[in-house]
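Okay, so here's the structure we're looking at.
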Amino acid sequence: MNASSFAFAAALLLPFFASAQTLVAVPAAQELVGSYPATAAARPASAGSVRYFGVVTSQDARHEQFGQLQRAFETFRPTLVVIEKPDLGTAETEATTIATKGVPGYTRLLAQRHQVPTERLDNPDAEYAYLRTKVDAEQLKLYYLLREAHRFQQANTAPPAASGRMRPPHISAPRRPWRSTPAARLPTRLMPPSASSASSTCIASSPPAPPPASASWW
Numbered sequence: 297m298n299a300s301s302f303a304f305a306a307a308l309l310l311p312f313f314a315s316a317q318t319l320v321a322v323p324a325a326q327e328l329v330g331s332y333p334a335t336a337a338a339r340p341a342s343a344g345s346v347r348y349f350g351v352v353t354s355q356d357a358r359h360e361q362f363g364q365l366q367r368a369f370e371t372f373r374p375t376l377v378v379i380e381k382p383d384l385g386t387a388e389t390e391a392t393t394i395a396t397k398g399v400p401g402y403t404r405l406l407a408q409r410h411q412v413p414t415e416r417l418d419n420p421d422a423e424y425a426y427l428r429t430k431v432d433a434e435q436l437k438l439y440y441l442l443r444e445a446h447r448f449q450q451a452n453t454a455p456p457a458a459s460g461r462m463r464p465p466h467i468s469a470p471r472r473p474w475r476s477t478p479a480a481r482l483p484t485r486l487m488p489p490s491a492s493s494a495s496s497t498c499i500a501s502s503p504p505a506p507p508p509a510s511a512s513w514w
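In this text, residue positions in the sequence shown follow the working numbering: the first is 297, and each later residue adds one.
What follows is the structure, encoded as structure tokens:
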């Protein structure tokens, strides 16, 4: 599961001053757990209650959260379902809906089966109107582009390997190692002229020790 995946948290029953039972399927449930104890007992509400259901981004019908979400509908019996993400519709079957629409689509499918109305949690129009008062249009356009690119990268990038960062490949032409046979040509180096002689002296150096059998020289 990559870093952008939604964290599944224990569902909470909180007092909600409304005339209905409200089920809220939300991502980033870690924030909810941080605000309220995950083991908080249900408290009676005079007018109604709201239940937050944290979900993990998944399009795998075998994920356990889909069965938990179905049981939440049967147990909680909501009269209103609030979902983050736009309404992309549903498919004919549960498996196809999960594979093509993800958690939001499956939640809407369950709401249709239980004849429960749905509403969208986030308001993109209000978000854009607010951000437009803070930055200009070009910067805002870049912000949305980079945000969606980052979400796409997180959703489609595998986690890094356990060996750490990958190093770029190094390509180098192989060089012939020095051999310790007498017939091999030995490298030479020029020595600076001494005070008593104006000519350069050519001195042959000793051959290096042969490398171990498992080593390769480049």
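Where is the CB? At the ideal position from N, CA and C, for every residue including glycine.
Do you know offhand how far Val351's Cα is from Asp421's? So the alpha carbons of these two residues sit roughly 24 Å apart.
With which residues is Thr414 paired in a DSSP beta bridge? Answer is Val377, bridged to Thr414.
Inter-stretch contact at 8 Å, needing at least 3 Cβ pairs: the region 385-394 / the region 367-376: The answer is no - the region 367-376 does not touch the region 385-394, with fewer than three Cβ pairs under 8 Å.
In chain order, what residues of the same chain lie with their CB nearer than 8 Å to the CB of Gly401, ignoring the 5 residues before and after it? Leu384, Gly385, Thr386, Ala387, Thr393, Ile394, listed in sequence order.
Close beta carbons around Gln355, own chain, < 7 Å, minus the five adjacent residues each side: These residues qualify, in order along the chain: Ile394, Ala395, Gly398.
For Val399, which of helix, strand or coil comes out of DSSP? The three-state reading of DSSP puts Val399 in helix, counting H, G and I together.
Would you report the Cα separation of Ala425 and Ala433, rounded to the nearest angstrom? The alpha-carbon separation between Ala425 and Ala433 amounts to approximately 11 Å.
DSSP three-state assignment for Gly344, whether helix, strand or coil: DSSP, reduced to helix, strand and coil, places Gly344 outside both helices and strands of the structure shown, so it counts as coil.
Cβ pair Arg416, Lys381 closer than 9 Å: Taking 9 Å as the Cβ cut-off, Arg416 and Lys381 qualify as a contacting pair.
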